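All letters in the sequence shown, in the order written, are residues -24 to -1, 1 to 277 by mature numbering (1 follows the signal peptide of the UniProt record, and there is no 0).
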Amino acid sequence: MKRIVLTSLTATAMIALLAGCSSAGTGTATSADRQTAIDVSTISKDDAAAKLLPESIVSAGKLVVGVDPTYAPNEFKDKDGNPIGWEIDMIDAAAAKLGLTTDYRVAKFDNIVPSILGEKYDLGLGGYYDTKKRQEQLDMVDFFRAGNQFASPVDKPIANELDVCGLKVAAQNGGSAPLVYLPQLNEQCAAAGKKAIEILGYDTQDDATASVSLGRADAMVADSPVVGYAVKLSKGKLVTSDVYGSLLSGAPVMKDRGTFAVALQSALQQMLADGTYTKIVTYWGVEGGAIDEIQINGSTE
């Protein structure tokens, strides 16, 4: 995988234009005064779900969440640097159901899973697909369904997957697109007698998106909600492809933490029942990926 890092002022300006957020750094962000679909103060604690929490989390009184806020509208930063987005709202509401607060730790995508495994974070957010390979290390609490989607210049639309054969395609490092999807697609390109995709790896989704408008990549690929949001912000400069390979997605948590995954699943299921879940996905315009049952390790792919 080729790794390219944008450092110019032009790139920074384009990132801000297309993604409406700054690149991820490290540190802790507060949960106050953020754009949100919900008021967590109105959410009642579910005692049955809370009883499933490990004692370490109960004692802490909070969920420590590793987040890569470069993935709008899933998670990104507001003008004050606070993480916002529909996945942020989901976990804020679920935490309230469990009688907890949230403590967001801003991190690069590649660092989140190792930090969960090292018990630095309770869970992670970053548009994580549930795959059998990921389940070998983690439990996935699935609360959404998304697929791979491309964005390209409006005068160079992608009509089908094989249209990207021979192109430079940008993707965020560490995600399933550069690690699984694009390599598999390259096999199809070879079988069709077409040139291979050149995969351009970027540290953040902001950089991957900006690379297309800057002419450094022919297209970018990401989760369908993320691509749709980026295209909307491009004001007619970019266009989406169809969605390919829909998968369950959600929050990775460490295995062997008792019934923590079940507690989170129960809280999210209660949100489905009381309408909080629907309110969140509708507010952020991602209702197309809504599901009707919260699962743990629900993917078989």
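Just so you know, even glycine gets a beta-carbon here, dropped at the ideal spot from N, CA and C.
Values in this document were obtained by computation on a predicted structure and should not be read as measured data.
G100 has G42 as its beta-bridge partners, per DSSP. The C-alpha of Q113 is placed about 21 Å away from the C-alpha of L28. As for any alpha helix (DSSP H) of minimum length 4 sitting wholly inside the region 13 to 79, the runs are 23 to 26, 31 to 36, 62 to 73, ordered along the chain. The closest CA to that of G94, considering only L143, R233, Y105, D44, is found on R233. Contact between A195 and A127 holds: their C-beta atoms lie close to 6 Å from each other, under 8 Å. Scanning its chain for C-beta atoms nearer than 6 Å, with the 5 sequence neighbours on each side dropped, one finds around G123 the residues S200, V219, Y220, G221, S222, in chain order. The C-alpha of Q245 is placed about 7 Å away from the C-alpha of E269.
Minimum Cα-Cα distance from G102 among the listed residues K73, F52, A70 corresponds to F52. Counting only runs that start and end inside the region 122 to 153, there is no alpha helix (DSSP H) element of at least 4 residues.
Residue pairing from DSSP places M230 in a beta bridge opposite L114.
Per the Cβ contact rule, the region 183 to 193 is not in contact with the region 158 to 172 (fewer than 3 Cβ pairs under 8 Å). Under the Cβ criterion (8 Å, minimum of three pairs), the region 17 to 36 counts as touching the region 68 to 80.
With fewer than 16 other beta carbons inside 10 angstroms of its own, P90 counts as exposed.
V130 counts as exposed, since fewer than 16 other beta carbons sit within 10 angstroms of its beta carbon. Counting C-beta pairs closer than 8 Å gives fewer than three between the region 145 to 164 and the region 252 to 270, which falls short of the contact rule. About 7 Å separates the Cβ atoms of V197 and L158, confirming a contact at the 8 Å cut-off. In the three-state DSSP reduction, S200 falls in the helix class (H, G or I). The DSSP-derived three-state label of I88 is helix. Contact between Y80 and V140 is absent: CB atoms are separated by about 34 Å, not below the 8 Å threshold.
Between I256 and A70 a beta carbon distance of about 10 Å is seen, past the 8 Å cut, so the two are scored as non-contacting. In its chain, beyond the 5 residues on either side, L39, V41, T78, L99, L101, A227 have a beta carbon closer than 8 Å to the beta carbon of I67.
Closest by C-alpha distance to A237, out of D54, I92, V82, is I92.
Residue nearest to A26 within the set I14, A72, Q11 is A72 (criterion: CA-CA distance).
In the structure shown, the three-state DSSP call for A195 is strand. In the structure shown, T254 falls within a helical segment according to DSSP collapsed to helix, strand and coil.
In this structure, P133 lies near V215, with their beta-carbon atoms less than 8 Å apart.
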